Amino acid sequence: MVAAPSRAGTAGGVETYGNFVGGEWRPAASGDLFENRNPADRDDLVGRFAASGEEDVRAAVAAAAEAAEGWRLTSAIARSGILLKAAAILESRVQQVGRELTREEGKTLKEGIGETTRAVQILRYYAGEAQQPTGEHYPSMSPATLLYTQREPLGVVAVITPWNFPIAIPTWKIAPALAYGNTVVFKPASLTPLCAVRLVEALAEAGLPPGVLNLVTGAASAVGDPLVRDERVTGITFTGSNAVGGELRKIVAERGAKLQLELGGKNPAIVLADADVDHALGHVVNGAMMSAGQKCTATSRAIVDRELVGPFTERLRERIAGLVVGDPQRPETQIGPLVDEGNAERVAGEIERATQDGARLIAGGGRLTDNGRGRGAYVAPTLFADVDPDSRLGQEELFGPVLGVIAVDGMDEAVAVANRVRFGLSASLFTRDLGRALAFVQGIQAGIVHVNSETAGAEPQVPFGGMKGSSSYSREQGKAARDFFTQLKTVYIDPPPTPVAVAERRSGGAA
Ligand code: ADP
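The sequence shown runs 106 to 616 under the working numbering.
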């Protein structure tokens, strides 16, 4: 089925986008819209989107529930074919969608196009995974019994996503959900609904039957809340803040559904005295500052051996102060704005507070408003030294371009400090010593561990997720996604009794 265009109309040259429910693009029941603005220039209106509410959520869940049985019984090979086609459609639009991603989210064009390309790769990956075996065959106590497991979908899955990877995260949730036979109601972050529309368009045009994938845009309270409370939703996959994750835990614990949470991080990069300093510098700066630090895997603590902390911090300062911050559409720009004014103000407030708490400000330090940057949500890449590991700056995720340096004496203290936070998403170690690298892998409390590379690197074919407060003891991506998006059925098949056995049983009963 080829879907009607997502565009519901234009008003004053600005496009208006609807929800996608039951295979059709339609406005919110209320007819209300919300605005999406470019964080690099608040005068640039990206589009108007459906400001949905409970009625829209109910309709989307009903469409997904109605489509569930048909999609569950669609062959995995056919589901794979649709994902493959969606990959080709999105790939043909990578430049346009990447540019739109940059316009609504603010990361650089290179990152926007790179992320869209990643989404294409993820669709292809799950087209492949859909064709893999999904069960296991076991020996039985009875030799004649055929004993095996098969994986079945959960049913209707809610996909709730943040703004920081507005096409990759939705894709790495929706692609496996669909590959394994679930139907989906997708609620994207209100700050990045255009990428959500573009992903849904590609999947709809690839031939998804009506109701299999539904998109409802709008506010968390008006859309997210009724969605997670709907009894027909049997699985919820969420990436976002720890505060919201905690709320979802409570709601779901009461009503019962399968829940996957990907939450925050306070990711350390440990630099030992024997590290290749040039190599470590590049990875620490990129890990901390790319995407303006708005990655859950961003490096926010540089834990550096006291032997080299002085010169290393000075070189960090040079690199960070030299970063080109500006319009993310320009090729020379390395760091764009934060996602919106509210986040820029919040991070500027955290920088102020860290200074008052005694951290030593070395570079950056607040908003950037010169050279036209006053029209956008710009925050200077910021470096602090002498960070107390137990201070707010040492403990809490700021989600901005802010790096704190913590000095330690050697490897053991470094790992102890690295672990002394409530998060455990990713961690890096820079060393030339294989023994230390192996000890770090053993001792660090993190779901993703890097040796000699930045904390923010994550490939889509391997499991992704954190330990401790960063996750819900589940993993996304790679083959791990199958565990969340399916449930097991264990099947015992015994041969029917032979005619001889039946006759013997009958004659035995007569005697
Ligand atoms: P971020 O600001 O990083 O996007 P949030 O945790 O605030 O992180 O939001 C992540 C996603 O969860 C967004 O799509 C948001 O609208 C949604 N959301 C926020 N609060 C709730 C809630 N109480 N119930 C369901 N979804 C919510």
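Using N, Cα and C, we set each Cβ at its ideal position, and we do this for glycine too.
Note that the structure is predicted; figures quoted are calculated from it, not measured.
Asked, Found
"Hey, how far is the Cα of Q236 from the Cα of T591?", "14 Å"
"Taking only heavy atoms of the ligand ADP into account, decide whether any of them is closer than 7 Å to the Cβ of K371.", "no"
"Would a C-beta distance cut-off of 8 Å place P565 and Q226 closer than the cut-off?", "yes"
"Rounded to the nearest angstrom, what separates N287 and G323 at their Cα positions?", "23 Å"
"Shorter than 7 Å, the distance from the beta carbon of T266 to the closest heavy atom of the ligand ADP, or not?", "yes"
"For a quick check, are the C-beta atoms of S263 and L332 less than 8 Å apart?", "Just to set this straight, residue 263 is Ala in the shown sequence, not Ser. Contact: yes."
"In the structure shown, what three-state DSSP assignment does I218 receive?", "helix"
"Can you tell me whether A50 is buried or exposed, with buried defined as 16 or more other CB within 10 angstroms of its CB?", "Look at the range of the chain in this structure, 106 to 616, and you will see that residue 50 is not part of it."
"Does DSSP classify V229 as helix, strand or coil?", "At residue 229 the sequence reads Arg, which differs from the Val that was named. Looking at R229 - three-state DSSP - the assignment turns out to be helix."
"On a CA-only basis, which of M395, P373, L488 and T460 is nearest E419? Give me that one, please.", "L488"
"Could you tell me if the beta carbon of P506 falls within a distance shorter than 7 Å of some heavy atom in the ligand ADP?", "no"
"Could you give the distance in angstroms between the alpha-carbon of G186 and the alpha-carbon of E196?", "15 Å"
"Write down the C-beta distance between A521 and V484 rounded to the nearest angstrom, noting that I regard them as a contact closer than 8 Å.", "Between V484 and A521 the Cβ distance is about 31 Å, and since that is not below 8 Å, they are no contact."
"Apart from the five residues on each side of it in sequence, which residues of its chain come closer than 8 Å, Cβ to Cβ, to E120?", "R112, G114, G152 and R153"
"Do the CB positions of E336 and R354 come within less than 8 Å of each other?", "no"
"Which residues bound the beta strand (DSSP E) around D410?", "T404 to D410"
"Would you check whether the ligand ADP has a heavy atom nearer than 7 Å to the C-beta of F291?", "no"
"For G463 and A532, what's the separation of their Cα atoms in angstroms?", "25 Å"
"How would you write the range of the alpha helix (DSSP H) that E447 sits in, first residue to last?", "The question names Glu, yet the displayed sequence has Gly at residue 447. Residues E446 to Q461."
"Take the Cβ of A116 as the centre, count every other Cβ of all protein chains shown within 10 Å, and call the residue buried at 16 or more, exposed below.", "exposed"
"Where does I619 fall in DSSP's three states?", "Here the chain has residues from 106 to 616 only, and residue 619 is not among them."
"Identify, in the order they occur along the chain, each residue of the same chain with its Cβ nearer than 7 Å to the Cβ of V107, setting aside the five sequence neighbours on each side.", "For V107, the predicted structure reports a pLDDT of 39, less than 50, and the residue's modelled location is therefore unreliable. A value from the coordinates is still provided. Excluding sequence neighbours, V107 sits near E310."
"Assuming the contact rule is C-beta atoms closer than 8 Å, V349 and V166 should be a hit. Round their C-beta distance to whole Å, please.", "Wrong, their Cβ atoms sit about 20 Å apart, outside the cutoff."
"With DSSP collapsed to three states, give me the class of Q272.", "First, the amino acid is wrong: residue 272 is Ile here, not Gln. Coil at I272, not helix or strand."
"Put R525 into one of helix, strand or coil per three-state DSSP.", "coil"
"As an exercise, report each continuous beta strand (DSSP E) stretch of at least 3 residues that is fully enclosed by the stretch 468–513, in chain order.", "487–490 and 507–513"
"Does the ligand ADP have a heavy atom nearer than 7 Å to the CB of F343?", "yes"
"For E336, which three-state DSSP category applies?", "coil"
"Could you check what DSSP says for S531 in three-state terms: helix, strand or coil?", "strand"
"With the cut-off set at 8 Å, would you say F291 and V305 are in Cβ contact?", "yes"
"Specify the secondary structure class of K292 as computed by DSSP and reduced to three states.", "strand"
"Per DSSP, what are the beta-bridge partners of D146 in this structure?", "N143"
"Note down, in chain order, each residue of its chain lying with its Cβ closer than 7 Å to the Cβ of L498, except the 5 sequence neighbours on either side.", "A459, D462, A464, F489, V492 and G509"
"So within the stretch 321–400, which uninterrupted beta strand (DSSP E) runs reach at least 3 residues, ignoring any that extend past its ends?", "338–344, 363–367 and 372–376"
"When DSSP labels each residue in this structure, what does G286 get in the three-state scheme?", "coil"
"My understanding is that G340 touches A362, with C-beta atoms under 8 Å, so please give their C-beta distance in whole angstroms.", "6 Å"
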